[in-house]
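Shown next, in structure tokens, is the structure this report addresses.
Residue numbers (full-length UniProt numbering): 1 to 376.
Below you can see the structure in the form of structure tokens.
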């Protein structure tokens, strides 16, 4: 029926090629009968498929699967719902960013921000999601994402300042939060994001407001499988998510931003689109605004790479080769970590002091998502 079938196999590895063809003149069967032939390093085998559309769908699925990874965050991130006519005005005096931008012409539906104490240090890092106009939600309703370890503390903090404002705060135990990260195989043409199906099951689907390298945030009901909504994705683990954050140098949660200890501008809050310097007063604004206007920031959170995958103690001292203090390690996972580094020593050979007083070398780097003028 077929005169010949040519298979080209790359030596040394199993390389798969798929050929779809039809015998337009010789086959007695209908024209929609096709054969799918897969060639690998061990030889040639054929599989008959009786539907052309099925064949092409199979090929498309194989090539697109794994372009994105879905990471469930509900184990360490909590969602709270804030609703009531005073919700946004109430939050405006507590957060570093401008909550009004969630309803502005920009059309933003996700906002990164911090809540500070009166000394201007970070208490909570949060992401706000607008629900206005969604599924009959009351005007002004928001979802608030925070670290699960401080969820109770955050709710108490909100209730202290709520007084008589008409704001209802309640946990969202029926919702599931996912991070959708791009894989390394994506090209520039894929920056628009993955194709989404079943949009009626989605409560929130927004780009991560902190950095493009963090992909997208997805919020759905706990019963919904995200792989059905994002067919070009596969499941990823929580550890992979944290390794990705540390690799690009993006802090999140109480380990990276110790409550009452981290300063927002040293934590790159401005670089992560998390602060407005023109919005007006909020708790902790004075020190933050003064630091911004003086332009003097001597330390910053930076990604670091350890020479060995050891469990370095959190808060361990980082020293220069000459023994001078150069910062502190905030957290690490494997060889990737996050550290508060003195910018004057960032390019020097650095060492983290282990619990047994031995020194382990590490290297700090400037993240790609930082502003260009900082990297020059």
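Even glycine gets a Cβ: it sits at the ideal position worked out from N, Cα and C.
- Each residue's CA atom was taken as its position, placing residue 297 and residue 168 some 38 Å apart.
- Shown here for residue 348: same chain residues with a beta carbon closer than 6 Å to its own, the five before and five after excluded, namely 320 in chain order.
- Of the residues 175, 181, 247, 203, the one whose Cα lies closest to the Cα of residue 69 is 181.
- DSSP, read as helix, strand or coil, puts residue 248 in helix.
- Cβ neighbours of residue 333 within its own chain (closer than 8 Å, five residues either side excluded): 239, 242, 243, 246.
- Distance between residue 370 and residue 257, taken at the CA atoms: about 18 Å.
- Residues of the same chain with a CB within less than 6 Å of the CB of residue 71, apart from the 5 flanking positions on each side, are 179, 236, 241 in chain order.
- By the 16-neighbour rule on beta-carbons within 10 angstroms, residue 299 is buried.
- Taking the C-beta atoms as reference points, residue 144 is found nearer than 7 Å to residue 82.
- Taking C-beta atoms as the reference points, residue 117 and residue 123 count as a pair closer than 7 Å.
- Excluding residues up to 5 positions away in sequence, 320, 324, 326, 327 lie with their Cβ nearer than 8 Å to the Cβ of residue 345 in the same chain.
- The beta strand (DSSP E) runs of length 3 or more contained entirely in the UniProt domain "CAF17 C-terminal" (298 to 372) are, from start to end of the chain, 299 to 306, 317 to 320, 325 to 333, 336 to 342, 350 to 353, 359 to 364.
- Burial check for residue 336: the Cβ neighbour count within 10 Å reaches 16 or more, so the residue is buried.
- With respect to the C-alpha of residue 342, the residue from 356, 331, 360, 364 having the closest C-alpha is 364.
- Membership of residue 124 in the beta strand (DSSP E) is indicated by the continuous run 122 to 130.
- According to the DSSP assignment, residue 161 belongs to the alpha helix (DSSP H) that extends over 151 to 162.
- In this chain, residue 119 is not harboured by any beta strand (DSSP E), its DSSP state being neither H nor E.
- Per DSSP, reduced to three states, the secondary structure at residue 98 is coil, with no helix or strand assignment.
- By the C-beta criterion, the region 299 to 317 is judged to be in contact with the region 259 to 273, since at least 3 inter-stretch pairs fall below 8 Å.
- Within the same chain, Cβ atoms closer than 8 Å to the Cβ of residue 196 are found at 202, 205, 229, 230, the five residues on either side in sequence being excluded.
- Per the coordinates, the alpha-carbon of residue 76 lies some 32 Å from the alpha-carbon of residue 372.
- Every beta strand (DSSP E) of 3 residues or more that sits fully in the region 232 to 279 is shown, in chain order, as 233 to 236.
- Rounded to whole angstroms, the gap between the alpha carbons of residue 292 and residue 316 is 28 Å.
- At the C-beta level, residue 306 and residue 359 stay beyond 7 Å of one another.
- Rounded to whole angstroms, the gap between the alpha carbons of residue 354 and residue 322 is 17 Å.
- Around the beta carbon of residue 249, a 10 Å sphere encloses 16 or more other beta carbons of the protein chains shown; the residue is thus reported as buried.
- Judged by beta-carbon spacing, residue 287 lies beyond the 7 Å limit of residue 93, meaning their Cβ atoms are not closer than that value.
- Assignment of residue 181 by DSSP, reduced to helix, strand and coil, places it in the strand class.
- For residue 176, the CB contacts under 6 Å within the same chain, skipping 5 residues up- and downstream, are 74, 220, 222 in chain order.
- Taking C-beta separations shorter than 8 Å and ignoring five residues to either side along the sequence, the partners of residue 89 in its chain run 165, following chain order.
- For residue 85, no pairing in a beta bridge is given by DSSP.
- DSSP places residue 289 in the helix class (H, G or I) of the three-state scheme.
- Of the residues 357, 251, 356, the one whose Cα lies closest to the Cα of residue 339 is 251.
- Per DSSP, the continuous beta strand (DSSP E) segment holding residue 142 begins and ends at 142 to 147.
- The three-state reading of DSSP puts residue 211 in coil, since its state is none of H, G, I, E or B.
- Of the candidates 253, 214, 207, 199, 199 places its Cα closest to the Cα of residue 227.
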